[in-house]
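Each remark here refers to the structure printed beneath this line.
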Amino acid sequence: MSSISEGLGHLIDRIVENDRRHARRTGEYIDATRQVLNEAKQNSESSPSIPLPATSSGDFKGMTDSDIKKLLRAYGVKGYTQRDGKKLARKDRVQLAIDNKIPALSFGFLLDFYIKRQS
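At position 46 of the sequence shown the residue is numbered 34 (our numbering), and the sequence of numbers has no breaks.
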């Protein structure tokens, strides 16, 4: 009996040591991951965002009225369908977007913005 209990004791000691080694490696992995995430967070906070330029009514030329409504809704602008009891026309919605400093996020506007930033 003594050899079985010694064998089990030795096996348990090996399991415990294996668990300790695994826990230590897991802790090291967690610490390394946390450090990488903190560095990424600091790098993203330190880089200033580039503001989009102010828009004009011409920037909205390529957008449909439905797209302008969606844009105003996405920015949380109230009163983009009716104001003072009357339905708004497309030109009124464009002016509402300009007044609220909402950029015309049409493909042409963004492409032009990108090209200007590259040169």
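All C-beta atoms in this analysis are idealised placements derived from N, C-alpha and C, irrespective of residue type, glycine included.
Sheet register partners of residue i (DSSP bridge)
{"i": "Q70", "result": "K75"}
Whole-angstrom C-beta distance between residue j and residue i, which should lie under 8 Å
{"i": "I127", "j": "R81", "result": "Any answer about residue 127 is impossible in this case: the structure gives the chain only from -11 up to 107."}
{"i": "D53", "j": "R78", "result": "4 Å"}
Cβ-based neighbour list, residue i, same chain, cut-off 8 Å, excluding 5 preceding and 5 following
{"i": "F48", "result": "I56, V82, A85, A92, S94"}
{"i": "R61", "result": "Y68"}
Residues near residue i by beta carbon distance below 6 Å, same chain, minus five either side
{"i": "Y63", "result": "I90"}
Endpoints, alpha helix (DSSP H) assigned at residue i
{"i": "A62", "result": "53 to 62"}
{"i": "G96", "result": "95 to 106"}
Contacts around residue i, its chain only, beta-carbon distance under 7 Å, and the 5 residues preceding and following it disregarded
{"i": "S(-10)", "result": "none"}
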